[in-house]
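Notes for the one structure printed next.
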Amino acid sequence: MPLLDYAGTLRAGQSLVPDFRLQALQDEQFAMQREQMGMQRERFDMERQAMEQQAIARQQAQERQAAFQQGLQQAMARGGTSDAVTDLMLQFPDIASQYSDAFDRLEESQKQAELTAMGSIYSRVTSGDVEGAANLLEQRVMADREAGTPDPQDEALLTALQSGDEREVAIARTMMGTALAGLAGVDTFRAVYGGDSGEDRTAFQKDYDFIARQYGQQAADQYAQGRYDPVVVGQPGAPIYRQSQVTGGARPPASQRGGDPSGSRAVPVDNGQTVIESLFPGIRVTQNRRDPNSALGRANPGSWHNRSGGAVDVAPVPGMSFDQFVSQIEAAGYPVIESRDEVRNPSRHATGPHWHVVIGQQAARVTSRQQYDRLPSGTRYIAPDGSQRVKP
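One gets our numbering by counting positions in the sequence shown from 1 and adding 14 to each.
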């Protein structure tokens with residue numbers, strides 16, 4: 015037997031040599047296990063963070079809803095006026111969007127019908143015609159009942175309006191206002207109803223403005239003409255006339271052209287609305303330039319509204335008389351080409367009670383004899399002493 019077993023030694027040595035492929039496989043498996051554990055920890059952390067965020071969101075939503083309910087109570091305490099509703103919905107735009115999101119899923123015809131119905135009811139409530147609002151809402155409720163789709167909210171609002179309780183009416187007014195502001199949009203709601211406590215705008219004015227913004231000026235003018243100059247229908251086959259064509263107008267006649275009483279050659283300004291708003295901050299302009307091809311434009315072709323931006327209609331200014339209003343315009347250097355108090359003496363084309371003026375361009379200021387000599391005869395000017403005069 016040889017002293018050394020070379021074969022055995024070789025086998026023993028080979029057993030001591032590591033299997034690199036096996037080692038690599040084990041390392042890869044370990045790395046995968048470690049990666050999986052890391053992914054599990056990451057997923058667990060993400061799930062935990064998501065749960066925490068959901069809990070925070072729920073808490074914030076609850077706090078937000080509680081704050082809205084508190085704001086709603088404050089709006090009710092203010093009588094549910096349009097100002098109160100506007101302030102509330104501007105403070106909570108997220109609540110307003112909840113109304114509009116649901117509203118956007120309706121068909122366009124359904125949207126228009128809903129806005130018209132709600133706008134008419136809300137207009138009457140805010141103008142103090144609670145009985146008229148209740149009558150309109152009752153028609154809506156009865157129609158829903160007959161269709162087999164009663165609306166519990168409308169039923170509750172009707173009960174409140176018919177209760178005769180001022181607090182219940184204020185609650186109903188607030189709820190209708192918030193819904194209308196959410197559906198129509200806060201900006202539209204504020205433009206139509208904002209700055210109004212319900213005392214100096216009639217239901218017709220609000221309906222007219224609402225229709226103009228939702229359906230266009232022509233539709234509003236048609237509504238106004240139908241209201242103040244209705245169609246007279248005779249025997250079958252006979253011509254159809256407007257009442258004004260038959261009776262000469264149901265309202266006291268008024269000049270539709272007017273003219274500068276001083277006889278000066280005043281030229282209307284390009285944008286009377288801008289002038290009025292600069293002189294009376296916060297004033298509500300109801301009409302400026304009108305489309306001559308609109309229903310009201312065709313019915314009253316001689317109106318300054320059809321041919322000039324200087325014609326302006328405004329809602330009466332609380333605490334100010336019409337004469338004071340005109341005088342303040344003239345005191346600012348603007349000649350008043352035409353003025354009409356459509357509150358005390360409405361014309362047959364009046365779209366509700368308002369003040370109407372046509373504003374002329376500011377008079378030239380004369381500081382020298384040479385400037386005076388260059389003025390054409392009949393020109394209005396401001397003398398060096400500040401008085402307004404007309405050159406002979």
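Glycine residues also receive a C-beta, built at the ideal position from the N, C-alpha and C atoms.
query	result
Under DSSP, the alpha helix (DSSP H) around residue 95 begins and ends at which residues?	Where residue 95 is concerned, there is no enclosing alpha helix (DSSP H), given that its DSSP letter is neither H nor E.
Would residue 352 and residue 369 be called neighbours here (beta carbons separated by less than 8 Å)?	no
What is the DSSP secondary structure of residue 300, counted as helix, strand or coil?	strand
Determine, using beta carbons only, whether residue 195 and residue 132 come nearer to each other than 8 Å.	no
On the three-state DSSP scale, how would you describe residue 161?	coil
Would you tell me roughly how many angstroms separate the C-alpha atoms of residue 41 and residue 107, rounded to the nearest one?	58 Å
Helix, strand or coil, according to DSSP, for residue 374 in the structure here?	strand
Using 8 Å as the Cβ pair cut-off and three pairs as the minimum, do the segment 155 to 170 and the segment 198 to 207 touch?	no
Output needed for residue 319: all residues of its chain with C-beta closer than 7 Å, excluding positions within five of it in sequence on either side, in chain order.	301, 303, 304, 325
Ordered along the chain, which non-local residues of its own chain (more than five positions away) have a Cβ less than 7 Å from that of residue 204?	100
Whole angstroms is fine: what's the gap from residue 67's alpha carbon to residue 84's?	25 Å
Give me whichever residues DSSP pairs with residue 352 in a beta bridge.	372
Measuring CA to CA, which of 362, 334, 184 is closest to residue 87?	184
Around the C-beta of residue 129, are 16 or more other C-beta atoms found within 10 angstroms, so that it is buried, or is it exposed?	buried
Excluding sequence positions up to five away, which residues of its chain have a Cβ less than 7 Å from the Cβ of residue 105?	85
Given this structure, state the Cα-to-Cα distance separating residue 329 from residue 297, to the nearest angstrom.	7 Å
DSSP beta-bridge partners for residue 325?	372
Would the beta-carbon of residue 147 fall within 8 Å of that of residue 138?	yes
Distance check for residue 287 and residue 372, CA to CA, integer angstroms please.	10 Å
So who's on the other strand from residue 282, going by DSSP bridges?	374
Using DSSP with H/G/I as helix, E/B as strand and the rest coil, what is residue 106?	coil
So, helix, strand or coil for residue 358, using DSSP?	coil
Along the chain, where does the alpha helix (DSSP H) that runs through residue 331 open and close?	No alpha helix (DSSP H) contains residue 331, which DSSP labels as neither H nor E.
So, with DSSP's three-state summary, where would you put residue 142?	coil
Given a cut-off of 8 Å, decide if residue 156 and residue 171 are closer than it, judged by their beta-carbon atoms.	no
In or out: residue 120 buried (at least 16 other Cβ within 10 Å) or exposed?	exposed
Which class does residue 121 belong to by DSSP, given the choice of helix, strand or coil?	coil
Buried or exposed, going by whether 16 or more other CB atoms sit within 10 Å of the CB of residue 70?	exposed
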